[in-house]
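Numbering (this note's numbering), first residue to last: 109 to 264.
Reading through the structure tokens given below for one structure.
This is the structure we're talking about:
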């Protein structure tokens with residue numbers, strides 16, 4: 109069984125698109141071997157992540173190019189005599205769902221749900237919630253208070 113070194117993987121990262129099976133094929137090893145080395149080596153992890161980002165950049169450029177072409181087909185120059193076309197908007201919808209989340213475009217909204225028993229909060233903690241304080245900060249304070257109380261009860 110061959111013993112690999114970081115150097116065995118370095119030159120095979122470039123142009124791989126961050127695809128583990130491509131790197132494994134180039135090195136001549138198993139997919140799991142590449143994955144383990146990427147997780148172990150800060151250098152390989154950084155190169156792998158950079159290669160994945162290049163792939164994302166390329167994919168985004170294709171999507172943007174398709175959106176630009178669709179806009180030209182949908183809005184031809186008025187004097188061209190070319191009729192406007194209804195175009196496929198799936199690329200635009202996809203891009204908005206990924207990069208436009210902060211503008212409200214999303215396939216789903218991420219929500220953090222916390223189960224809270226309000227009867228365990230002090231009047232002061234409830235007042236903080238009512239005044240608009242960050243609920244997670246108030247709950248963290250309440251959690252620390254309850255932990256101290258439990259420790260005090262256990263230590264007596």
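From the three backbone atoms N, C-alpha and C, an ideal C-beta is built for every residue, glycine too.
Cut-off 7 Å between Cβ atoms - residues of its own chain near residue 299, not counting five sequence neighbours on either side
For the chain, the structure presents residues 109 to 264; residue 299 sits outside this window and is missing.
Could you check whether residue 199 and residue 221 sit closer than 8 Å to each other, using their CB atoms as the reference points?
Numbered from 1 along the chain shown, position 113 holds the residue referred to as residue 221. Numbered from 1 along the chain shown, position 91 holds the residue referred to as residue 199. The answer is no: Cβ separation not under 8 Å.
Whole angstroms are fine: how far does the CA of residue 185 sit from the CA of residue 194?
Here residue 194 is taken as the residue at index 86 of the chain shown, counted from 1. Here residue 185 is taken as the residue at index 77 of the chain shown, counted from 1. C-alpha separation (whole angstroms): 15 Å.
Candidates 159, 191, 162 and 196: which alpha carbon is nearest residue 177's?
As a working note, residue 177 is residue 69 in the chain shown. Among 159, 191, 162 and 196, the Cα nearest to that of residue 177 belongs to 196.
Simplified DSSP assignment, three categories, for residue 111
On the chain shown, position 3 is the one that residue 111 refers to. Residue 111 falls in the coil class under three-state DSSP.
Just tell me which of 151, 175 and 188 has its CA closest to the CA of residue 204.
Taking the first residue of the chain shown as position 1, residue 204 is located at position 96. Here the closest residue by C-alpha is 175.
Within 10 Å of its beta-carbon, does residue 124 have 16 or more other beta-carbons around it, so buried, or fewer, so exposed?
Position 16 of the chain shown, counted from the start, is the residue given in the question as residue 124. Counting Cβ neighbours within 10 Å, residue 124 comes out buried, since at least 16 surround it.
Own chain partners of residue 236 with C-beta closer than 7 Å, once the 5 adjacent residues on each side are dropped
The residue you call residue 236 lines up with position 128 of the chain shown. 246.
Suppose contacts are defined by Cβ-Cβ distances below 8 Å. Is residue 128 in contact with residue 116 by that definition?
For the purposes of this step, residue 128 is taken as residue 20 along the chain shown, with counting starting at 1. For the purposes of this step, residue 116 is taken as residue 8 along the chain shown, with counting starting at 1. Contact flag unset, no.
Exposure label - residue 214; buried when at least 16 CB within 10 Å:
In the chain shown, counting from the first residue as 1, residue 214 sits at position 106. Under this definition residue 214 is an exposed residue.
Any idea if residue 114 is buried or exposed, counting beta-carbon neighbours within 10 angstroms, 16 or more meaning buried?
To locate residue 114, count along the chain shown from 1; it is residue 6. So residue 114 ends up on the exposed side.
Closest to residue 232 by C-alpha separation, out of 201, 253 and 202, would be which residue?
Counting from one through the chain shown, the residue named residue 232 turns up at place 124. Per the Cα distances, 253.
I need the DSSP call for residue 198, collapsed to helix, strand or coil.
In the chain shown, the residue the question calls residue 198 occupies position 90. It is helical.
Determine the burial state of residue 226: buried for a count of at least 16 other Cβ atoms within 10 Å of its Cβ, exposed for fewer.
Translated into positions along the chain shown, residue 226 becomes position 118. With fewer than 16 Cβ atoms within 10 Å of its Cβ, residue 226 is classed as exposed.
If we count the other Cβ atoms within 10 Å of its Cβ and call it buried at 16 or more, is residue 150 buried or exposed?
Taking the first residue of the chain shown as position 1, residue 150 is located at position 42. Classification of residue 150: exposed, given that the 10 Å Cβ count is below 16.
Reference residue 130, options 182, 148 and 160, closest by Cα
Translated into the one-based positions of the chain shown, residue 130 becomes position 22. Per the Cα distances, 160.
Where does residue 193 fall in DSSP's three states?
Taking the first residue of the chain shown as position 1, residue 193 is located at position 85. It is coil, neither helix nor strand.
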